[in-house]
RNA sequence: CGAGGAGUAGCGCAGUUUGGUAGCGCGCUUGGUUCGGGACCAAGAGGUCGUGGGUUCAAAUCCCGUCUCCUCGACCA
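In this note's numbering, the protein residues as written are 2 to 479.
Right under this line is the structure:
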């Protein structure tokens, strides 16, 4: 049964000022703080714990798929960057360069990696000689640096944490297949761990990775209807293999270049889940990644037996595999309720003398704000675990319903503009010409996010009216 | 990079117009009473006013430079 409850907000109104809401939330919940250098952020323990959970879940999946972890150097010789023409053009404006070290000017400037295709290509070129060395599939968890002009915590920072997986294959078919299966892995991860529905598909030439043959993206709809690119996979063909001399002798004895691909997700995923699930009270964290899944708030905690009962309940839930915290600070219960709601903890248990006497506990779920005192203490493990599962499913269902509701079709620029102005993703036909894509951007400040691979059913280009080559999801994007 | 806004105690702000003793609320510390939706009483601590220079007897306040943050736009695998 629901009870009256009041919330004291410390954050901007989510509907009236979403950007400010986001900034307030990430700072006040202590996920991040600004670093002293422009565009840098400190990921504080509460934020880093989310990243650790994301990393563990993904790492398990990569390893199950047979990918090995490795670590490559931070510094890349400038000359590597220039070996792939498109790549250097794409990244040159945003690389940081080390020119001095050891008190002297360096012979060759060193680039702080913005991504590692070049140095990994170089190393893999050394390691690959025979078809027996393939496929080579490695991943690294690291930081990268891109000197961005505008930055926002998690969404775009000069330095960020990510994983980048890289594969070399004998054939283009194998490399493309890996590119798609990693995209599918991301999609499954987004659904089951972040409770976040995504659109996946190929990107346009304009939006693809510098140096790739094809780029695929995972796009998620944020609270305001804008899209956030939450992960990408790239098929490189032989572009990087030729630039870095990744050559092998095939079964037939002929020398050939390998086919490469790469894929990555970053700390931006934390921004994605904040802006997907958050509400007026602040964070709503999906149980699989929440640093604290259950917070126990003692009521009248100085009364005999209350803290002991809380500690005993915590121990039981922890033993059942849950991440649990007892808030035994001197703050009032009301203060704690507000605080942990803002911090997005999925389940709160209130435990006071009344509950203990009745053998019950009062349970509050963050996503629906429902409070019930009908839970038996003796069944705590089963009931709370079940509730965490329900919350995960409900978060996904809610986000999915919203996304589906807010995908609209358009067959003209005007319709598209109306759609994105209303906070929607817009499905439309596109002829495949860059000019039309640019026109959409100019007219509606919207970009092509991904192709709709499942239903290519829009007959004509929304811009020029010619026969459509693709059905595209357009949106305003972060 | 363009337009706009802001930097004064941990946080939120006043003080700047008209130069003259550094203020308020919350938080923090100590003690006590409280505890089912941001409790109360009492006593305390805490600031080279982002930073560098200039004007002045005197600068948070006036002038010049510079750094950082926020919003919108441009740019951005």
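All residues carry an ideal CB built from backbone N, CA and C; glycine is no exception. It should be emphasised that the depicted structure is a prediction, and the values quoted were computed from it without experimental measurement.
C-alpha distance - residue 467 paired with residue 233, whole-angstrom precision: Taking the first residue of the first chain as position 1, residue 467 is located at position 466. Taking the first residue of the first chain as position 1, residue 233 is located at position 232. Near 30 Å, if we compare the C-alpha coordinates of residue 233 and residue 467.
Which residues mark the beginning and the end of the beta strand (DSSP E) in which residue 373 is found? As a position in the first chain, residue 373 is number 372, starting the count at 1. 371-377 is the span of the beta strand (DSSP E), which, as asked, contains residue 373.
DSSP state of residue 65, grouped into three classes? Within the first chain, numbered from 1, the residue matching residue 65 stands at position 64. In the displayed model, residue 65 falls within a helix according to three-state DSSP.
For residue 473, is the classification buried or exposed, using 16 other Cβ atoms within 10 angstroms of its Cβ as the cut-off for buried? Here residue 473 refers to the residue found at position 472 of the first chain. That one is buried.
Complete beta strand (DSSP E) runs within the stretch 325-383 (minimum length 3 residues, chain order): As far as the stretch 325-383 is concerned, its whole beta strand (DSSP E) runs of at least 3 residues are 325-327, 348-352, 361-366, 371-377.
Give the DSSP-derived three-state secondary structure of residue 196 in the structure shown. Residue mapping note: residue 196 aligns to position 195 of the first chain, counting from 1. Three-state result, residue 196: coil.
Taking the alpha helix (DSSP H) that residue 240 belongs to, which residues open and close that run? The sequence position of residue 240 within the first chain is 239, counting from 1. Unbroken alpha helix (DSSP H) run through residue 240: 240-244.
Between residue 63 and residue 303, what straight-line distance do the alpha-carbon atoms span, to the nearest angstrom? The residue you call residue 63 lines up with position 62 of the first chain. The residue you call residue 303 lines up with position 302 of the first chain. Whole-angstrom Cα-Cα distance: 48 Å.
Given this structure, state the Cα-to-Cα distance separating residue 140 from residue 344, to the nearest angstrom. Counted from its first residue, the first chain places residue 140 at position 139. Counted from its first residue, the first chain places residue 344 at position 343. Whole-angstrom Cα-Cα distance: 32 Å.
Go ahead and pull the three-state DSSP assignment for residue 72. Residue numbering aside, residue 72 sits at position 71 when the first chain is read from its first letter. Coil, per DSSP.
Leaving out the 5 sequence neighbours to the left and right, which residues in its chain are closer than 7 Å to residue 150 when beta-carbon positions are compared? One-based indexing of the first chain puts residue 150 at position 149. If we look at residue 150 and ignore the five residues flanking it on each side, it has no Cβ neighbours.
On the criterion of 16 or more Cβ atoms from any shown chain inside 10 Å, does residue 1 qualify as buried, or is it exposed? Outside the modelled stretch of the chain, which goes from 2 to 479, sits residue 1, for which no answer is possible.
Ignoring anything shorter than 4 residues or poking outside the stretch 159-195, list the alpha helix (DSSP H) runs there in chain order. 173-193
Report the CB separation of residue 12 from residue 27 in whole angstroms; it is logged as a contact under 8 Å. For this step, residue 12 is matched to residue 11 along the first chain. For this step, residue 27 is matched to residue 26 along the first chain. At roughly 10 Å, the Cβ-Cβ gap does not stay under 8 Å, so residue 12 and residue 27 are not in contact.
Inter-residue CB distance, residue 236 and residue 185 (contact presumed, cutoff 8 Å): As a first step, residue 236 must be located in the first chain, where it is residue number 235. As a first step, residue 185 must be located in the first chain, where it is residue number 184. That pair is no contact at about 14 Å.
Taking residue 90 as part of the beta strand (DSSP E), name the residues at either end of that continuous run. Taking the first chain and counting its residues from 1, one reaches residue 90 at position 89. Not the beta strand (DSSP E): residue 90 falls in the alpha helix (DSSP H), residues 86-92.
Beta-carbon proximity list for residue 261, same chain, < 6 Å, skipping 5 on both sides: Start at 1 with the first residue of the first chain, and residue 261 comes out as number 260. Excluding residues within five positions, the ones whose Cβ falls inside 6 Å are 169, 237, 241, 242.
DSSP three-state assignment for residue 272, whether helix, strand or coil: On the first chain, position 271 is the one that residue 272 refers to. Residue state for residue 272 is assigned as helix, using DSSP reduced to three classes.
When you compare each of 92, 228, 402 to residue 273 by their alpha carbons, which one comes out closest? Counting from 1 along the first chain, the entry for residue 273 is found at position 272. Considering only alpha carbons, the answer is 228.
Going by beta-carbon coordinates alone, are residue 289 and residue 348 separated by less than 8 Å? Within the first chain, numbered from 1, the residue matching residue 289 stands at position 288. Within the first chain, numbered from 1, the residue matching residue 348 stands at position 347. Not a contact, by the Cβ cut-off of 8 Å.
Decide if the stretch 151-167 is in contact with the stretch 251-259; the criterion is three or more beta carbon pairs, one per stretch, under 8 Å apart. no
How do the stretch 75-86 and the stretch 107-121 stand: do at least 3 beta-carbon pairs fall below 8 Å, yes or no? yes
Assigned secondary structure, residue 303 (DSSP; H/G/I helix, E/B strand, else coil): Within the first chain, numbered from 1, the residue matching residue 303 stands at position 302. Here residue 303 sits in coil by DSSP.
Would you report the Cα separation of residue 405 and residue 396, rounded to the nearest angstrom? For the purposes of this step, residue 405 is taken as the residue at position 404 of the first chain. For the purposes of this step, residue 396 is taken as the residue at position 395 of the first chain. Rounded to whole angstroms, residue 405 to residue 396 spans 14 Å at the Cα level.
Only counting the same chain, and skipping five residues up and downstream in sequence, which positions put a Cβ closer than 7 Å to that of residue 469? In the first chain, residue 469 corresponds to position 468, counting from 1. Contacts found: 430, 431, 432, 459, 460, 461, 462.
Taking all protein chains shown into account, do 16 or more other C-beta atoms lie within 10 angstroms of the C-beta of residue 427, making it buried, or fewer, making it exposed? If you number the first chain from 1, residue 427 lands on position 426. The residue is buried, with at least 16 neighbouring Cβ atoms inside 10 Å.
Is DSSP giving residue 5 helix, strand or coil here? Sequence index remark: in the first chain, residue 5 carries index 4 (1-based). With a pLDDT of only 43 at residue 5, under the threshold of 50, the placement of this residue in the model should not be trusted, and no figure is reported.
Excluding five sequence neighbours on each side, which residues of the same chain lie with their C-beta closer than 6 Å to the C-beta of residue 138? On the first chain, position 137 is the one that residue 138 refers to. The answer, listed in chain order, is 68, 168.
Less than 8 Å between the CB atoms is what I'm expecting for residue 51 and residue 271, so what's the real figure, rounded? If you number the first chain from 1, residue 51 lands on position 50. If you number the first chain from 1, residue 271 lands on position 270. Confirmed, Cβ separation roughly 6 Å.
Give me the residue from 34, 123, 346, 104 with the minimum Cα distance to residue 80. Counting from 1 along the first chain, the entry for residue 80 is found at position 79. Among 34, 123, 346, 104, the Cα nearest to that of residue 80 is on 123.
With DSSP as the reference, label residue 460 as helix, strand or coil. On the first chain, position 459 is the one that residue 460 refers to. In this structure, residue 460 counts as coil in the three-state DSSP scheme.
Within 8 Å, strictly: CB atoms of residue 354 and residue 301: Counted from its first residue, the first chain places residue 354 at position 353. Counted from its first residue, the first chain places residue 301 at position 300. In contact: residue 354 and residue 301 (Cβ atoms closer than 8 Å).
Using the Cα positions of residue 341 and residue 16, report the straight-line distance between them to the nearest angstrom. Locating residue 341 in the first chain gives position 340, counting from the first residue. Locating residue 16 in the first chain gives position 15, counting from the first residue. Taking the straight line from one Cα to the other gives about 21 Å.
Can you tell me whether residue 219 is helix, strand or coil according to DSSP? As a working note, residue 219 is residue 218 in the first chain. In this structure, residue 219 counts as strand in the three-state DSSP scheme.
For the structure I just gave you, are there three or more beta carbon pairs, one from the stretch 408-427 and one from the stretch 440-451, closer than 8 Å? yes
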